[in-house]
Amino acid sequence: EKAEGDKVLAVKAAEAEAESKYLSGVGVARQRKAIVDGLRNSIHDLGDNDQITGGRRGASQKDVVDLLLLTQYFDMLGIVGSRPTTTTVYIPED
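Take 100 as the starting number for the sequence shown in this note's numbering and just add one per residue.
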């Protein structure tokens, strides 16, 4: 009976961990969607300014994706750089 109880506890723990990871993924997806929506609005607002865009109106999907990738890159650099044990080597492309 003890072995059966241990098995039930292990299964329930695994199910709880799987649910936790799923919900974490949902949270990350919602966060990214909110970031993309905010960036799209920002780019659209900038796109309404002819002096900035050279007469082009609005933002393309590529503009939003490029800005999102750049933002995530800088966020990653900040996280990596803030850890005292991190060693980073930058290698030039040339």
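We put the beta carbon where it would ideally sit given N, CA and C, even for glycine.
In this text, all values refer to a predicted model and were calculated from it rather than measured experimentally.
Buried or exposed by the 16-neighbour rule on C-beta atoms within 10 Å, applied to residue i
i	result
leucine 169	exposed
Straight-line gap, residue i to residue j (C-alpha atoms, nearest Å)
i	j	result
serine 141	glutamine 130	16 angstroms
phenylalanine 173	glutamate 192	19 angstroms
valine 125	serine 119	10 angstroms
isoleucine 178	threonine 185	10 angstroms
valine 107	alanine 117	15 angstroms
aspartate 144	glutamine 171	21 angstroms
glutamate 114	serine 123	14 angstroms
Beta-carbon spacing of residue i, residue j below 8 angstroms
i	j	result
leucine 167	valine 127	no
CA nearest to the CA of residue i, picked from the options
i	options	result
aspartate 165	Leu176, Thr184, Asp144 and Arg139	Arg139
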